[in-house]
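Notes to accompany the following structure.
Residue numbers (the working numbering): 94 to 346.
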């Protein structure tokens, strides 16, 4: 069984010839783990023929990694796309995302960081239970409201308080990556990051390094996680706070 069956051949006179290159409909399989043979299809997206050709060559389009495959009307096979999961957090110079008492008062609010634009670059937020509690205690989002998924085995599943609660983090994130067209913000914390890294679901890491040494606290990446090679793609310094934002892609084997 193919991911998308080819359509019957149409005659040249059946419809006007398009004035631009026709688009190719990208079919995303139900799971991002195999290239074909899956009967279920969750979503489709349309890209230009040029973009599809670039995708085949391994070039990422619209911040989405290559994943899976599809068959077009011509019978050709192309690789499909899915949303990226980005672990984006603030951390001390000694790699803690919270202080020894779970405190965050050491993170400055830099006026030059455009939080509105930052939030708009993501489709949704994924976080663990502790991060959810911190989020609620802080009064919520400093930017535009995004859909929130809370991954916790101790909280009941369901939708409430403006968030969706799930037990199986890996399954839900894999589903969201196929559904969304924009990157997904992995808010934290480190334990959830480690769990999703084990499943190969993390595509990028963005760390806002705060110029402070905490000497202890919640680690950016707790022990026990897999080795995760990274490639630096961007860095930006904010002089008023001293924060340096580092963007990395996860390097696949």
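Ideal Cβ placement from N, Cα and C applies to all residues, glycine included.
Residue i, DSSP secondary structure in three states
| i | result |
| --- | --- |
| residue 122 | Its pLDDT being 38, under 50, residue 122 is placed unreliably in this model, and the value from its coordinates should be taken loosely. Looking at residue 122 - three-state DSSP - the assignment turns out to be strand. |
| residue 233 | coil |
| residue 189 | strand |
| residue 327 | strand |
| residue 307 | coil |
| residue 289 | helix |
| residue 281 | strand |
| residue 208 | helix |
| residue 197 | coil |
| residue 345 | coil |
| residue 159 | Only weak support is given to the placement of residue 159: the predicted model assigns it a pLDDT of 47, under 50, and the question is left unresolved by the model. |
| residue 215 | coil |
| residue 265 | helix |
| residue 333 | coil |
| residue 153 | With a pLDDT of 37 at residue 153, under the threshold of 50, the modelled position of this residue cannot be trusted; read the value that follows with caution. DSSP places residue 153 in coil when its eight states are reduced to three. |
| residue 275 | coil |
Supposed close pair residue i, residue j - CB separation, criterion 8 Å
| i | j | result |
| --- | --- | --- |
| residue 343 | residue 328 | Residue 343 to residue 328, Cβ: 17 Å. No contact. |
| residue 278 | residue 200 | Contact flag wrong, Cβ pair sits at about 17 Å. |
| residue 276 | residue 216 | 7 Å |
| residue 341 | residue 281 | Contact flag wrong, Cβ pair sits at about 16 Å. |
| residue 307 | residue 198 | The pair is not a contact, with the Cβ atoms about 11 Å apart (cut-off 8 Å). |
| residue 242 | residue 219 | 5 Å |
| residue 237 | residue 253 | At roughly 21 Å, the Cβ-Cβ gap does not stay under 8 Å, so residue 237 and residue 253 are not in contact. |
| residue 258 | residue 250 | 5 Å |
Proximity below 9 Å, CB of residue i to CB of residue j
| i | j | result |
| --- | --- | --- |
| residue 183 | residue 311 | no |
| residue 189 | residue 313 | yes |
| residue 244 | residue 230 | no |
| residue 265 | residue 247 | no |
| residue 185 | residue 305 | yes |
| residue 196 | residue 334 | no |
| residue 176 | residue 273 | yes |
Residues that DSSP places opposite residue i in a beta bridge
| i | result |
| --- | --- |
| residue 299 | 181, 340 |
| residue 221 | 244 |
| residue 253 | 256 |
| residue 312 | 189 |
Touch test, the stretch 317–333 against the stretch 208–216, Cβ-Cβ under 8 Å, three pairs minimum
The answer is no - the stretch 208–216 does not touch the stretch 317–333, with fewer than three Cβ pairs under 8 Å.
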